[in-house]
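*Asks:* Pasting a structure here, questions to come.
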Amino acid sequence: MSRRQGKTIFTILFVWLVLSPYVTIAISPTNIHARDESKFTAADITLEDHPDMTYENGSLGKQIAWEASSKNPKNYSVTRNGETYTDGQWLGNDVIVNLDHLYDDDLIDSLPATFEFILTLFDRNNESSSDTVTVTVVADERAPEVTIDYENLIPGNENNFTYEEGGFDHIVIFAINETNPDSFNLTRQSNWVSGNFSIIDSGNWDGSNITLNADGLNSTHWYLYELFLNDTLGQETTVFVNITVLPDVTAPVVDSPDDISYEFGDVGQTLIWNIYDSNPDSYNVTVIIQDINETYGEYSEFHAPANLTVNDWELNNPDGDELRINITALYLGNYTFTLWLFDSVGYNSTDTVNLTIYEDIRAPVVNSTPDFAYEEGYTDNHLKWSADESNPKTYNLTLDGEVVMDGNWNGENLSLNVDGLDVGDHYYNMTLIDFFDQVTIVITVVTVTPDAHNPIVNNIRVISSFNTPSSNNISIQAYVWDLNAVLNASIEYYTTNSEEVTTLNMSLTSFDLYLTSVGELTHGEVLHYRVVAYDNSSQNLNTTTDWFEYSVNPVQLPEVPPALWISVLILGILSMIVILSLYFRTKTR
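Structure below.
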C-alpha cells in the first residue's frame, strides 16, 4: 500500500469516526423511554409561636429556639429590628438564635433595650410561615440571691447545722442567682481559741455556686461562716451559716437483716449488713457451725464458711456502706454469722444472722415454649427452655425419637431453631437431669402446616429490540418470588401468525427476576402471553397470570433536541477542518 493510499484511507476512517455518533443515534435498535415523574409533595410548614422574652442585662446563654418542621424545607431568614440578622438554607429543623450577640456587637446603648426578631421560613412549594418575638433587656437592679443546700448535715433553724465529730463530706452549698457577678469573700469565726477567725476563700466570682466543705472541725465548738457577694453594679449580699460539731457518743450503726435459708447449690447468695460510724475502726465476722454435712452433693465444689477480721475499717460513702459476705457454695448445714463493729472512741455494736442450707429435693423447674404451629417455609421459629435448678447435670433433646442434642448442663438456657421441618406434627422431648438424678421431661409439639400462599408474579415487562427493518427480537421479564422458593417459571404464548400455544421456561437472572426470549416477531404481529410459576413447597402451588397482549411495532427513537444535534455537528466539523488542515499541510511538505 502506497503512502498516499494510506492517507486516503485514514481520512475516510476519520470522517466516519466523526459522523458515527449521528449514524448510531439514527439506527439505534433500542428505545429509551425516560419520563420525569418527580413532584414536590405539598406539605405545610409547622412553626410554633415563641413567647416574648424579658431578662436582665448581662444574662448569658439566652436564646430564641423556634420549633419548626417541614417535609420540603427550602430556606429561612431572621430579621432584627427590620434588618437581616441571618439567613440561609433550612433543613426542616428547629431554628435557634443566640442572644449573646447583643452584647458581642454592642447593641445595648441604654436600658431597657427592645429588639424585634422575625423568623420567616420557606418551603419548595413557595409557602412561608413567620413568627415574631420581642426581646426586652432590662437593668440589673437585684443584689445576688442565695439559697442554702446541704449534704450530710443535721439542719436546725435559720441556717444552723450540726454534725457528729468525724465522718466526711459535710457540705454546705450556696446556690446563687446573679446576672453580673464580681467578687466574693468567705470567712469563718469560732469559739475555738486557736482558730477563731479564718479567711476560707475569696477572689473574683463568675456567678457559679460556692461550695463549703466543713469536714475536720472540733467537737463542742461552734463555727460561724460568713459569705459576702458583690456584683459589678455594687449590689451586695451577705449570708451566715452556723455549724456546731457534737461529740461522738453513739455506737456504730448496723441493721438487722432477716435470717437466710436457701437450697443447697443455689448461687448468688449474699449476706448484707448496712453499717455506719462517724469514726470507724475495725470489725469482724465470726461463724458458729451448728450442723454441717461435708459429703452431700458434689462436695468437692463446696466448702465451710470462714471467719473474717478487718482492722482498718474505712467508709467509702459518707452515709454508710454495705458489708457483703459471700455465702454461696457452702456445705449443707446450719450456721450462725455474728458481726462486731468497733469505733475509735470505744463504742461497739453487734448483729447475728442464722443461715440454713437445706437439701435439694426438687426436680428442675422448667419454663419452655408451648406447642405452636407455623406455615411451611416461614423462618425464625425457635424452641426455648429455661430452668430453675441448683445442681444441674445433663440434658437430652430428641425429635420424633432421634437425638438432636445432648451433653453436660450447667443450668444455662437452651434453645433450638426448628425451621425447615416437613409438613406435619413433630415431637420434641427435652429431658433435664440434676446431680441427684431428679428428672424433668418436657414434650413440645411443633406443627408445620402446608404452604397456603401461591407464588407472587408481578412487574411483567416485554423487551423489544431491533432485529431487521421489518421485525423485532422479543423477550419477556417477570418478578417471581415464593416463601418456599420457585420451582419453575415459564411463559405460555401464541401469536396472530401462530395460534398454537407454546411454553418456554424462564431463567433466573438476579434479584428474583426471570427472563426468556420469545424470538423474532414481525411488525404488526400481536403476541398473547401469560406467566406460570410453581413453588417448591409440598403443595407445589402455582400462579397463572391473565393473558396479556402486545403489538409488535418498529422501534422508535425519542426525539433528539436540535441544540444537541447542532452542538455535535459543529464539534465534528471543527475536528474535520483541523485534521484535514494537518493532512494537506503534511502532504505539501
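One gets the numbering used here by counting positions in the sequence shown from 1 and adding 42 to each.
No residue lacks a Cβ here, since even glycine has one placed at the ideal position from N, Cα and C.
Predicted model only: the values in this text are computed from it and were never measured.
#1: Quick check on DSSP: helix, strand or coil for M95?
#2: On the DSSP letters alone, give me the boundaries of the beta strand (DSSP E) that L550 sits inside.
#3: Return the chain-ordered ranges of every beta strand (DSSP E) run that is complete within the stretch 339-400 and spans a minimum of 3 residues.
#4: For the alpha helix (DSSP H) that contains L144, what are its first and last residues?
#5: In whole angstroms, what separates the C-alpha of S391 from that of Q311?
#6: Answer yes or no: do I190 and V281 have a C-beta to C-beta separation smaller than 9 Å?
#7: Are the stretch 176-194 and the stretch 128-135 touching by the rule of at least three beta carbon pairs closer than 8 Å?
#8: In this structure, what does DSSP give as the bridge partners for P115?
#9: Please state if the CB of L569 and the CB of I516 are separated by a distance shorter than 9 Å.
#10: By how many angstroms is the C-alpha of R404 removed from the C-alpha of N582?
#11: Distance, Cα to Cα, W108 vs P115?
#12: Give every residue of the same chain whose Cβ lies closer than 7 Å to the Cβ of T162, excluding the five residues on either side of it in the sequence, and list them in chain order.
#13: For N376, which residues in the same chain have their Cβ closer than 6 Å to its Cβ, ignoring the five residues on either side in sequence?
#14: Since G362 and V287 should fall inside the 8 Å C-beta cutoff, what is the C-beta to C-beta distance between them, to a whole number of angstroms?
#15: Whose C-beta lies closer than 6 Å to the C-beta of G134 among residues of the same chain, with five residues either side of it excluded?
#16: With a threshold of 16 other CB atoms inside 10 Å of the CB of D588, please say whether the residue is buried or exposed.
#17: Could you give the DSSP three-state label for V620: helix, strand or coil?
#18: Starting from I241, trace the beta strand (DSSP E) both ways and give me its first and last residue.
#19: Keeping to the same chain, check which residues put their C-beta closer than 7 Å to that of W355; ignore five residues upstream and five downstream.
#20: When you compare only the Cα positions, how much space is there between S386 and Y145?
#21: Is DSSP giving I612 helix, strand or coil here?
#22: In angstroms, rounded to a whole number, what distance separates the CA positions of I621 and N509?
#23: Which residue comes first and which comes last in the beta strand (DSSP E) that contains D273?
#24: From L313 to V283, what distance separates their C-alpha atoms?
#25: Quickly, what does DSSP pair I319 with across the bridge? List them, please.
#26: Going by DSSP, what residues sit across from D413 in a beta bridge?
#27: Below 8 Å, how does it come out for the stretch 262-277 and the stretch 224-239: are there three or more Cβ pairs, yes or no?
#28: When we look at the beta-carbon of A84 and count the other beta-carbons within 10 Å, is it buried (16 or more) or exposed?
#29: Note the first and the last residue of the continuous beta strand (DSSP E) segment covering R572.
*Replies:* In short, the structure shows the following:
#1: Strand, per DSSP.
#2: Start and end: S549 to S552.
#3: If we require 3 residues or more, the beta strand (DSSP E) runs fully inside the stretch 339-400 come out as 350-352, 363-368, 374-385 and 390-400.
#4: For L144, the enclosing alpha helix (DSSP H) covers residues H143 to D146.
#5: If I take the Cα positions, the gap works out to 24 Å.
#6: Yes.
#7: The stretch 176-194 is not in contact with the stretch 128-135.
#8: P115 pairs with D165.
#9: In contact: I516 and L569 (Cβ atoms closer than 9 Å).
#10: If you draw a straight line from the Cα of N582 to the Cα of R404, it comes to about 50 Å.
#11: Just so you know, the alpha carbons of W108 and P115 end up roughly 15 Å apart.
#12: Result list for T162: Y118, S119, S170 and S172, in chain order.
#13: Excluding residues within five positions, the ones whose Cβ falls inside 6 Å are Q332, D333 and T398.
#14: The C-beta distance from G362 to V287 rounds to 19 Å, too long to meet the 8 Å contact threshold.
#15: Only residues of its own chain outside the window of five on either side were considered, and among them S111, S112 and P115 have a CB closer than 6 Å to the CB of G134, listed in chain order.
#16: Here D588 is exposed. Its C-beta has fewer than 16 other C-beta atoms within 10 Å.
#17: DSSP, read as helix, strand or coil, puts V620 in helix.
#18: From DSSP, the beta strand (DSSP E) with I241 extends over F239 to N246.
#19: Here the set comprises P322, D323, S324 and Y325.
#20: A direct Cα-to-Cα measurement between S386 and Y145 gives close to 59 Å.
#21: If DSSP states are grouped into helix, strand and coil, I612 belongs with the helices.
#22: For I621 and N509, the distance between alpha carbons rounds to 36 Å.
#23: Per DSSP, D273 belongs to the beta strand (DSSP E) from H263 to D273.
#24: Cα to Cα, L313 sits roughly 42 Å from V283.
#25: Sequence check: residue 319 is Asp here, not Ile. The secondary-structure analysis by DSSP pairs D319 with nothing; it has no beta-bridge partner.
#26: Its beta-bridge partners do not exist; DSSP assigns none.
#27: Between the stretch 262-277 and the stretch 224-239, the count of C-beta pairs closer than 8 Å reaches three or more; the two stretches touch.
#28: Reliability of the predicted coordinates at A84 is poor, the pLDDT of 41 falling under 50, and the value obtained from them is presented with this limitation in mind. Exposed: under 16 other Cβ atoms inside 10 Å.
#29: First-last of the beta strand (DSSP E) with R572: V568 to D577.
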